[in-house]
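Chemist: End of the sequence shown = 134 in our numbering, gap-free, step of one.
All residues carry an ideal CB built from backbone N, CA and C; glycine is no exception.
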Amino acid sequence: MGEHEPAASRRPDTADAAPAPVPVASMVESIVGCKWSIRLLQLCAEGNHRPSALLRACTGLSAKVMNERLRKMTRFGIMHRTVHGEKPPVEVEYRLTPFGRRFMGILEEVQRLQQAVECGAIGEAGDAAEKTRRGNA
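Structure (structure tokens):
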């Protein structure tokens, strides 16, 4: 292939190739394992989309860690990064993707489960379900 061939006939660079999908279980582990990721997701779901607003809302979070977490969630397809403008100062926004909104459902279910455990509802319901299961076996 020559230097002057049209771009359409060139092989795509490896950087342009689509990354292999990450298993959802790995995503959950990575996101749930980091308190900042969960907080950033919650803030985006509530309508905070600018990095400066996210950083202000997370006392103790450094810009470096925030950017790492946002990049990771963007790579996972949970967030979408949009840059408005071509010359500095540009505006950057992060929004949940449709997949990200479904992913939030997982986190909300974990929160409901935690609340049930704290209220003692899980112990009783879990015991009754176990007795029923054993009785039907």
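Which complete alpha helix (DSSP H) runs does the stretch 15 to 66 hold, if anything under 4 residues is left out?
Modeler: 21 to 29, 32 to 42, 48 to 54, all fully within the stretch 15 to 66.
Chemist: Looking at the unbroken beta strand (DSSP E) that takes in Glu90, where does it start and where does it end?
Modeler: Against the sequence shown, residue 90 aligns to sequence position 93. Unbroken beta strand (DSSP E) run through Glu90: 88 to 93.
Chemist: Is it the case that the stretch 53 to 60 contacts the stretch 76 to 94, given that we only count it when at least three CB pairs across the two stretches are under 8 Å?
Modeler: No, they do not touch.
Chemist: With DSSP as the reference, please indicate the residues paired to Val80 in a beta bridge.
Modeler: Here residue 80 is taken as the residue at index 83 of the sequence shown, counted from 1. Answer is Val89.
Chemist: Between Arg36 and Glu90, which are expected to be in contact by the criterion C-beta below 8 Å, what is the C-beta distance as a whole number of angstroms?
Modeler: Looking up residue 36 in the sequence shown gives position 39. Looking up residue 90 in the sequence shown gives position 93. Between Glu90 and Arg36 the Cβ distance is about 17 Å, and since that is not below 8 Å, they are no contact.
Chemist: With DSSP collapsed to three states, give me the class of Gly74.
Modeler: Counting from one through the sequence shown, the residue named residue 74 turns up at place 77. In the structure shown, Gly74 sits in coil (DSSP, three-state: anything other than H, G, I, E or B).
Chemist: Helix, strand or coil, according to DSSP, for Gly97 in the structure here?
Modeler: For the purposes of this step, residue 97 is identified with residue 100 of the sequence shown, where counting begins at 1. The answer is helix: DSSP assigns Gly97 an H, G or I state.
Chemist: I'd like to know whether the C-beta atoms of Ala42 and Leu52 end up nearer to each other than 8 Å.
Modeler: In the sequence shown, counting from the first residue as 1, residue 42 sits at position 45. In the sequence shown, counting from the first residue as 1, residue 52 sits at position 55. In this structure, Leu52 does not lie closer than 8 Å to Ala42 by Cβ.
Chemist: How is Gly102 classed by DSSP in three states: helix, strand or coil?
Modeler: By 1-based counting over the sequence shown, the position of residue 102 is 105. It is helical.
Chemist: On the three-pair Cβ rule with 8 Å, is the stretch 99 to 109 touching the stretch 81 to 88?
Modeler: They do not touch, by the three-pair rule.
Chemist: On the criterion of 16 or more Cβ atoms from any shown chain inside 10 Å, does Ser23 qualify as buried, or is it exposed?
Modeler: By one-based count along the sequence shown, residue 23 stands at place 26. The residue is exposed, with fewer than 16 neighbouring Cβ atoms inside 10 Å.
Chemist: Is Cys55 a contact residue of the ligand NAD, with contact defined as CB to any heavy atom under 7 Å?
Modeler: Ligands in the displayed structure: none, and consequently the ligand NAD is not present.
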